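Participant: Can you read through this structure? Questions will come right after.
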Amino acid sequence: MRDWERISTELHRRYKGKIEIIPKVPIRDLQDLSIWYTPGVAGPSKAISEDRDASFDMSWRWNTVAIVSDGSRVLGLGNIGPEAALPVMEGKALLFKYFGGVDAIPLVINAGDPEEIIALVKAVEPSFGGINLEDISSPKCFTILERLRKELEIPVWHDDQQGTALIVLAALINAFKLVGKDLRSAKIVLFGLGAANYAVLKFLKMYGVNTGKVIVVERPGIGILYDSHPRLEEFKDSMPHWYEAALITNSEKITGGPEEALKGADAVIAASKPGPGTIKKEWIKLMSDNAIVFSLANPTPEILPEEAKEAGAKIVATGRSDYPNQVNNSLGFPGVFRGALTVRARKISDGMCMAAAKALASYAEEKGLREDYIIPRMYEVDAVAMEAEAVAEEAIREGIARKIIGRSDIRNEVRTLMERPKRILNVLQKAGQLP
45 MRDWERISTE LHRRYKGKIE IIPKVPIRDL QDLSIWYTPG VAGPSKAISE DRDASFDMSW
105 RWNTVAIVSD GSRVLGLGNI GPEAALPVME GKALLFKYFG GVDAIPLVIN AGDPEEIIAL
165 VKAVEPSFGG INLEDISSPK CFTILERLRK ELEIPVWHDD QQGTALIVLA ALINAFKLVG
225 KDLRSAKIVL FGLGAANYAV LKFLKMYGVN TGKVIVVERP GIGILYDSHP RLEEFKDSMP
285 HWYEAALITN SEKITGGPEE ALKGADAVIA ASKPGPGTIK KEWIKLMSDN AIVFSLANPT
345 PEILPEEAKE AGAKIVATGR SDYPNQVNNS LGFPGVFRGA LTVRARKISD GMCMAAAKAL
405 ASYAEEKGLR EDYIIPRMYE VDAVAMEAEA VAEEAIREGI ARKIIGRSDI RNEVRTLMER
465 PKRILNVLQK AGQLP
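Mapped onto this note's numbering, the consecutive letters of the sequence shown carry residue numbers 45 to 479.
Written out as structure tokens, the structure reads:
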């Protein structure tokens, strides 16, 4: 196996980062500068002062997202701080542009308190058309997302919540179709209830899954959640997302730990600490026939796919690209923001996320479902385009789009903007500008 970390470190030193800003307007002489800067620029500034929404038509705002992180929960690395998080946020920006045609600016911040983060994001709102919250630890990430979604007039998204959840839902829809079971009445175990699985639980409920049959199992000492858990009142203040989950899951009041939770389960969605060995093979053997195992921790899944298969799992997904069925957020955020920005949406609603999940599931189903193909692969750009179009149409349907356009215009803009960065890269590579 190649040493990807070493290779990446060497290439980051060579390129000194992954993104840059380049002009998009012609500059041939001083007269052009009189248009793009002073005195000409006073014209658009005056127009925007009279109609602030005109900033979406006359500045980069219509297609630009801030990627905001305090570096408190980065990949599988934990609280490594904002400077160390910057390469990850740059990578996110690269994927935004390459797959979605969205300009994204990494904004890592020395702010850990939720109120500080909220105030900072509100202060920079006029510069951006959307906010992508990234790698912010729980439980504060829940408060930050909820507040900003209510208080800003642009889309706000937390990739570790909505992004992961919509991809998981899309993959689950198809996995259950393959094994011939009803997702809405299945016994599903959520292994760990951090930002990702908390959002998965919300999305399962929205999709119509009977949450009384969902079992949440947390760390040792906490175990399985239920509405009369002995520490329930403590959770209300310290871990409110656990409290909320305890009230709507596990109607049979099963107690214990992973072994008790996984008995007879149809699926397990693990988003906890990296393995191997976080989930044991003997626990998977306790699951029902044709079991579905999503072990999503990075860089190493909670249980390796080959071990899950040996234990009897029928369908296995991970967050890694070197195994089949990669449940990866890169299938979510470029398409969702592309659709939202195309129609100048004021928010990313849960309905838009549902539309995205269903579009991805439909694309994979049309291609032909298999045990090793339940969700589109990262490079299947048509899937991302379909997702973007579905999101844009849902924003218009819900009345939260500033720009109302027809399906063909949505499709043309989405496809054109998604193709643009690839063409630019091809030109630069041919000119020898990307050694």
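We put the beta carbon where it would ideally sit given N, CA and C, even for glycine.
Note that this is a predicted model, so its numbers are computed, not measured.
Would you be able to state if there are at least three C-beta pairs under 8 Å between the stretch 386-402 and the stretch 236-250?
Facilitator: Yes: at least three Cβ pairs fall under 8 Å.
Participant: Between which residues of its own chain and L276 is the CB-CB distance below 7 Å, once the five residues before and five after are set aside?
Facilitator: So the qualifying residues of the chain are Y287, A290.
Participant: Given 8 Å as the limit, tell me if K62 has its C-beta closer than that to any heavy atom belonging to the ligand NAD.
Facilitator: Here there are no bound small molecules, and the ligand NAD is not part of this structure.
Participant: Return the first residue and the last residue of the alpha helix (DSSP H) that A341 is part of.
Facilitator: Element bounds for A341: n/a, residue is neither H nor E.
Participant: When we look at the beta-carbon of L74 and count the other beta-carbons within 10 Å, is it buried (16 or more) or exposed?
Facilitator: With fewer than 16 Cβ atoms within 10 Å of its Cβ, L74 is classed as exposed.
Participant: Should E350 go down as buried or exposed, given a rule of 16 or more other Cβ atoms within 10 Å for buried?
Facilitator: Exposed: under 16 other Cβ atoms inside 10 Å.
Participant: Could you give the distance in angstroms between the alpha-carbon of A439 and the alpha-carbon of K324?
Facilitator: Cα-Cα distance, rounded: 43 Å.
Participant: Could you tell me the boundaries of the beta strand (DSSP E) in which F518 lies?
Facilitator: Here the chain has residues from 45 to 479 only, and residue 518 is not among them.
Participant: Measure from the alpha carbon of K68 to the alpha carbon of each residue in D95, E94, N107, P88, then state which is nearest.
Facilitator: Taking only the C-alpha atoms, the option nearest K68 is N107.
Participant: What does the alpha-carbon distance come out to for the pair S295 and E457?
Facilitator: Near 47 Å, if we compare the C-alpha coordinates of E457 and S295.
Participant: CB-CB under 8 Å to S272, same chain, minus the five flanking residues each way: which ones, in chain order?
Facilitator: Same-chain partners within the cutoff: K297.
Participant: Consult DSSP for H273 and reduce its assignment to one of helix, strand or coil.
Facilitator: The answer is coil: DSSP assigns H273 none of H, G, I, E or B.
Participant: Note down, one range per segment and in chain order, each alpha helix (DSSP H) of at least 4 residues found wholly within the stretch 277-351.
Facilitator: Fully enclosed alpha helix (DSSP H) runs of 4 or longer: 284-292, 302-306, 325-328.
Participant: Applying the 10 Å Cβ sphere with the 16-neighbour rule, what's the burial state of E431?
Facilitator: Per the 10 Å Cβ criterion, buried.
Participant: Would you mind sorting Q477 into buried or exposed? The rule is 16 or more other CB atoms within 10 Å of its CB.
Facilitator: Under this definition Q477 is an exposed residue.
Participant: Does DSSP put Q370 in a helix, in a strand, or in coil?
Facilitator: Strand at Q370.
Participant: What is the rounded straight-line gap between the Cα of K136 and the Cα of I111?
Facilitator: Distance between the alpha carbons of K136 and I111: 8 Å.
Participant: Taking E354 as the reference, which of S103, K317, L330 has the closest Cα?
Facilitator: Closest option to E354, Cα to Cα, is L330.
Participant: Please report the Cβ distance between V428 and G144, rounded to the nearest whole angstrom; I am assuming they are in contact, meaning their Cβ atoms lie under 8 Å.
Facilitator: So it is a contact: roughly 7 Å between Cβ atoms.
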